Amino acid sequence: MKKIVLGTTFFILIFTVVCGADEIRGKVTSPGGDGKTLLISGVTIQAAEAWIEDAEDYPLSLKSIAKGDFVEVDGKFVGPAKMKARKIDRRKRECDAVKGTITSIDASKKKIVISGITVKLRADAWLEGPNRVKIPLELFAPGYKVKCKGDWTGPAELTAFRMVVD
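Each step along the sequence shown adds one to the number in this note's numbering, with nothing skipped, and position 34 is 429.
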């Protein structure tokens, strides 16, 4: 019985860490000169302790990440437009994205903020709630964990064509 409880607890802990992670995807706009950070469209990535790999899971050093490389970063937002990276994947170009908790929302302007990152929603944006059901922006609220896909349109600004409750 003790092994079952420990195994279940371990599984829940791993699930929480993986599913609870924040995420950002985009092109590196500036590799940090200090060898510890990256910049993705105005969002500072603290990368000193991150595991870094390429699309084939081959380990890389932070120095091998260059301006213009497309990366996916899993970690935790630790301040406005600042993320502490746990894992960085250099990969082929995909759509830009940010995943995190809504800190504020302005439905009249079709705008949300996730840890200092402004997400503007296109007029035709797909907004999805639980069970893949389309819902209006008015049903979203601060505290909801969401994933937004779109394009970086300014420093710490993403214009999204899709927002999904995570």
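Here a beta-carbon is modelled for each residue, glycine too, at the ideal position from N, C-alpha and C.
Predicted model only: the values in this text are computed from it and were never measured.
Cβ-Cβ distances below 6 angstroms link Asp546 to Asp491 and Thr554 in the same chain, with the five nearest sequence neighbours on each side left out; the list follows chain order. Taking 9 angstroms as the cut-off, the beta carbon of Arg517 is found no closer than this to the beta carbon of Lys506. Membership of Asp484 in the beta strand (DSSP E) is indicated by the continuous run Lys477 to Arg485. In the structure shown, the three-state DSSP call for Ser459 is helix.
Per DSSP, reduced to three states, the secondary structure at Ser503 is helical.
Beta-bridge annotation (DSSP): Asp491 is paired with Gly545. With at least 16 other beta carbons inside 10 angstroms of its own, Lys542 counts as buried. Looking from the CA of Ser499, the closest CA among Ala480, Lys479, Glu489 and Pro475 belongs to Pro475.
For Glu533, the three-state secondary structure derived from DSSP is helix.
CA-CA distance, Ile447 to Asp484, rounds to 6 angstroms. Distance from the Cα of Ala445 is smallest, within the candidate group Pro531, Thr424, Leu433 and Glu451, for Leu433. Apart from the 5 residues on each side of it in sequence, Gly415 has no Cβ closer than 7 angstroms to any other Cβ in its chain. Residue range Glu552 to Val560 is occupied by the beta strand (DSSP E) that includes Glu552. Taking every protein chain shown into account, the CB of Lys544 has 16 or more other CB atoms within 10 angstroms, so this residue is buried.
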